[in-house]
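Participant: Pasting a structure below so you can have a look.
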Amino acid sequence: MARTFLSTEQSQQAVGRFAWAAAWAGLVLGQLHALARHNTVDGQGDLQQPLTRWWSDPARRVLRPLLDWADPDTVYLTYGKVWLPVFLAFTLCAVVVYRRRRPTGWERLAWRVLLGGYALACVAVLIDYWTQWTGYNRFAQASFFVLTVPSLALVLLGGTVLGSTLLVRRYRPLLPALLLALQVPLALGILSFTSMGSAALPTMFAFAVLGRRVALALPVDGRRRSGSRQPDPQLLGQ
9 MARTFLSTEQ SQQAVGRFAW AAAWAGLVLG QLHALARHNT VDGQGDLQQP LTRWWSDPAR
69 RVLRPLLDWA DPDTVYLTYG KVWLPVFLAF TLCAVVVYRR RRPTGWERLA WRVLLGGYAL
129 ACVAVLIDYW TQWTGYNRFA QASFFVLTVP SLALVLLGGT VLGSTLLVRR YRPLLPALLL
189 ALQVPLALGI LSFTSMGSAA LPTMFAFAVL GRRVALALPV DGRRRSGSRQ PDPQLLGQ
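Residues 9 to 246 in the numbering used here are what the sequence shown lists, from first letter to last.
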């Protein structure tokens with residue numbers, strides 16, 4: 009079914025638009041989720057970081073009506089549900105790009121490992137937030153070590169390897185490859201400012217850029233084409 013769904017141009021363009029919209033939604037709603045976490049008992053420790061406290065304290069005061077409509081854990085788990093469609097969006101877009109690029113050799117292996125990591129991450133956020141509604145359960149807490157941690161490692165390390173490989177092979181557009189190759193330092197910087205879900209922002213926007221190209225019927229296979237029309241550089245993410 010997935011193969012048939014992703015085999016048509018129309019469905020691939022729909023996935024591209026989905027990835028583009030989901031990345032921006034994740035950027036905004038992910039910070040609301042972070043603020044909700046800072047109101048929980050576990051999230052109080054995040055406020056020990058100066059950069060987090062610097063923006064979170066005033067933001068939680070301004071956005072209080074969006075954060076105090078239920079107990080802190082319920083609000084946190086509710087806003088966390090946004091991550092599943094966001095993760096599904098960049099995972100589906102990654103599959104589309106993989107099929108269009110048709111990689112070989114080492115790059116093909118890197119793609120497959122990374123796609124496995126993305127699929128595992130989708131399962132992890134599904135269990136983390138969609139099996140918990142008004143409180144935590146032991147099953148979801150156990151999945152953190154079984155699914156969340158391994159998937160995060162695969163996403164960060166696998167993405168770094170793939171991004172570096174694409175850079176070596178002079179992949180274009182350049183921005184997605186850079187975001188993937190540098191996502192470990194980028195994620196560390198993001199985590200000093202906001203919550204763990206936003207560590208996926210480099211991945212989200214790498215495939216948002218590529219998804220936008222797919223939606224506009226621009227190539228994403230990374231191959232140079234002589235004599236072809238040069239699209240707007242802003243659309244290339246360069």
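Don't be surprised by glycine CBs; every beta carbon is placed ideally from N, CA and C.
For ARG237, which residues of its own chain have a beta-carbon under 6 Å away from its beta-carbon, when the five flanking residues on both sides are left out?
Facilitator: Locating residue 237 in the sequence shown gives position 229, counting from the first residue. Reliability of the predicted coordinates at ARG237 is poor, the pLDDT of 48 falling under 50, and the value obtained from them is presented with this limitation in mind. No residues qualify anywhere along the chain.
Participant: Assign LEU74 to one of two classes, buried (16 or more other C-beta atoms within 10 Å of its C-beta) or exposed (fewer than that).
Facilitator: On the sequence shown, residue 74 is found 66 positions in, with the first residue counted as 1. By the 10 Å Cβ count, LEU74 comes out exposed.
Participant: Do you know how far the Cα of ARG231 is from the Cα of ALA225?
Facilitator: Locating residue 225 in the sequence shown gives position 217, counting from the first residue. Locating residue 231 in the sequence shown gives position 223, counting from the first residue. Using only the alpha carbons, I get a separation of about 15 Å.
Participant: If you compare alpha carbons, which of GLY51, PHE213, ASP229, TYR106 is closest to VAL36?
Facilitator: For the purposes of this step, residue 36 is taken as residue 28 along the sequence shown, with counting starting at 1. Ranking the options by Cα distance to VAL36, first place goes to PHE213.
Participant: Within 10 Å of its beta-carbon, does THR112 have 16 or more other beta-carbons around it, so buried, or fewer, so exposed?
Facilitator: Taking the sequence shown and counting its residues from 1, the one referred to as residue 112 is at position 104. Exposed.
Participant: Alpha helix (DSSP H) containing GLN140: first to last residue?
Facilitator: Numbered from its first residue, the sequence shown carries residue 140 at position 132. Segment: none, GLN140 is in no alpha helix (DSSP H) and carries neither H nor E.
Participant: Given this structure, state the Cα-to-Cα distance separating ALA118 from LEU96, to the nearest angstrom.
Facilitator: Working through the sequence shown from its first residue, we reach residue 118 at position 110. Working through the sequence shown from its first residue, we reach residue 96 at position 88. Going by the C-alpha atoms only, they are around 19 Å apart.
Participant: How should ASP229 be labelled, buried or exposed, when 16 other C-beta atoms within 10 angstroms of its C-beta is the threshold for buried?
Facilitator: On the sequence shown, residue 229 is found 221 positions in, with the first residue counted as 1. It counts as exposed.
Participant: Expressed to the nearest angstrom, what Euclidean distance is found between the alpha-carbon atoms of LEU244 and ARG178?
Facilitator: The residue you call residue 244 lines up with position 236 of the sequence shown. The residue you call residue 178 lines up with position 170 of the sequence shown. Here LEU244 scores only 44 on pLDDT, less than 50, and its place in the model should not be relied on; the value that follows carries that caveat. Answer to the nearest angstrom: the Cα atoms are 14 Å apart.
Participant: Please name the residue, chosen from ASN47, LEU43, LEU122, LEU14, that lies closest to LEU170 on a Cα-to-Cα basis.
Facilitator: For this step, residue 170 is matched to residue 162 along the sequence shown. Ranking ASN47, LEU43, LEU122, LEU14 by Cα distance to LEU170 puts LEU122 first.
Participant: For a test of the three-state rule: what should DSSP assign to ALA10, helix, strand or coil?
Facilitator: Residue mapping note: residue 10 aligns to position 2 of the sequence shown, counting from 1. With a pLDDT of 47 at ALA10, under the threshold of 50, the modelled position of that residue is not reliable, and no figure is offered here.
Participant: Does DSSP put PRO227 in a helix, a strand or coil?
Facilitator: The residue given as residue 227 occupies position 219 in the sequence shown. DSSP places PRO227 in coil when its eight states are reduced to three.
Participant: What do you reckon, are the CB atoms on ALA185 and LEU174 nearer than 7 Å?
Facilitator: Along the sequence shown, one-based indexing puts residue 185 at 177. Along the sequence shown, one-based indexing puts residue 174 at 166. Cβ distance < 7 Å, so ALA185 and LEU174 count as in contact.
Participant: Can you tell which of CYS130, TYR144, ARG72 has its C-alpha closest to the C-alpha of PRO158?
Facilitator: By one-based count along the sequence shown, residue 158 stands at place 150. Measuring from the Cα of PRO158, the nearest candidate turns out to be CYS130.
Participant: Quick one: Cα of GLY143 to Cα of ASN47, how far?
Facilitator: Working through the sequence shown from its first residue, we reach residue 143 at position 135. Working through the sequence shown from its first residue, we reach residue 47 at position 39. Each residue's alpha carbon lies about 14 Å from the other.
Participant: How is LEU43 classed by DSSP in three states: helix, strand or coil?
Facilitator: Locating residue 43 in the sequence shown gives position 35, counting from the first residue. DSSP places LEU43 in helix when its eight states are reduced to three.
Participant: Would you grab the beta carbon distance between ASP136 and THR156 for me? Rounded to a whole angstrom, and I think it's under 8 Å.
Facilitator: Indexing the sequence shown from 1 puts residue 136 at position 128. Indexing the sequence shown from 1 puts residue 156 at position 148. ASP136 to THR156, Cβ: 7 Å. Contact.
Participant: Touching or not, the stretch 92-111 and the stretch 26-35, by the rule of three or more beta carbon pairs under 8 Å?
Facilitator: A contact exists between the stretch 92-111 and the stretch 26-35.
Participant: For the stretch 97-109 against the stretch 146-155, do three or more pairs of beta-carbon atoms, one drawn from each stretch, fall closer than 8 Å, so that the two count as touching?
Facilitator: The stretch 97-109 is not in contact with the stretch 146-155.
Participant: Helix or strand or just coil, what does DSSP make of GLY51?
Facilitator: Counting from one through the sequence shown, the residue named residue 51 turns up at place 43. It is helical.
Participant: For VAL83 versus ALA127, is the C-beta distance shorter than 7 Å?
Facilitator: Indexing the sequence shown from 1 puts residue 83 at position 75. Indexing the sequence shown from 1 puts residue 127 at position 119. No, these two residues do not count as a Cβ contact at 7 Å.
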